[in-house]
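Just so we're aligned, residue 73 is where the sequence shown starts under my numbering, counting upward by one.
All C-beta atoms in this analysis are idealised placements derived from N, C-alpha and C, irrespective of residue type, glycine included.
So the structure is just underneath, and the comments pick up after that.
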Amino acid sequence: MKINNRLTILYADDNEDSCLMLKTLLGFSGIDVLCVNTVKEAFHAAQNKRFDLYLLDNRFSDGNGLDLCRRLREFDSQTPIVFYSGDAQESDCQKGLAAGANEYLIKPVSNTVAPTIFKLVAHVTETTQQWAN
Numbered sequence: 073m074k075i076n077n078r079l080t081i082l083y084a085d086d087n088e089d090s091c092l093m094l095k096t097l098l099g100f101s102g103i104d105v106l107c108v109n110t111v112k113e114a115f116h117a118a119q120n121k122r123f124d125l126y127l128l129d130n131r132f133s134d135g136n137g138l139d140l141c142r143r144l145r146e147f148d149s150q151t152p153i154v155f156y157s158g159d160a161q162e163s164d165c166q167k168g169l170a171a172g173a174n175e176y177l178i179k180p181v182s183n184t185v186a187p188t189i190f191k192l193v194a195h196v197t198e199t200t201q202q203w204a205n
C-alpha cells in the first residue's frame, strides 16, 4: 500500500539530461522516477522493485527498447509500458505497440507524459479492482 500516494515509475533512457529533465517535470506532478541508462539496468530494476509504470526510450548502448519491452511483458504482464522516444515514424509507434507497450509518445513533447501515466495507472487500478470483486 502506498503511504504517500505518489506513483513510482522506471524511466529507461540512455540520455542523462532527458532523465533529469523528465524526473524533475514528473516530480511536480507527484510522480517519483527511478532513472536507468541501460537495458540491463532497467530489467534488473524491474525484477527487484515494483513500479506503477515503465517508461522506455528506444535506443540504448546495450540493446533496444523493443526487446526490453518484450522482456518486461514476459516478466510483468500487468504494469503499463509507455515508449517515450525520438523515433517518430508511424512504423516505430506500431513496433512499440506490437512489442507490448500501451502507448507511444514522441520526444521532445513532454506535456502529455504525466497525463498518460495517470490515465494508464488508473485503468490498471480499475481493472484490478473489478477482478477482485
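Relative to the C-alpha of residue 180, which candidate in 85, 79, 80 and 81 has its C-alpha closest? 85
Going by CA-CA distance only, name the one from 115, 195, 100 and 168 that's closest to residue 220. Nothing can be reported for residue 220: it is not among the residues displayed for the chain, which extend from 73 to 205.
When you compare the stretch 167-180 with the stretch 110-124, are there three or more beta-carbon pairs, one atom per stretch, that lie closer than 8 Å? no
Could you tell me which residues DSSP puts in a beta bridge with residue 163? DSSP output for residue 163 lists no bridge partner at all.
Quick check on residue 148: does DSSP put it in helix, strand or coil? coil
Going along the chain, which residues of its own chain have a beta-carbon closer than 8 Å to the beta-carbon of residue 132, five neighbours each way excluded? 84, 86, 109, 110, 111 and 140
Can you give me the C-alpha to C-alpha distance between residue 135 and residue 128, rounded to a whole angstrom? 12 Å
Residue 101 by DSSP, collapsed to three states: which one? Here residue 101 sits in coil by DSSP.
Alpha carbon to alpha carbon, what distance is there between residue 104 and residue 92? 12 Å
Which parts of the stretch 85-133 are runs of the alpha helix (DSSP H), unbroken and 4 residues or longer, counting only runs that do not cross its ends? 88-100 and 111-120
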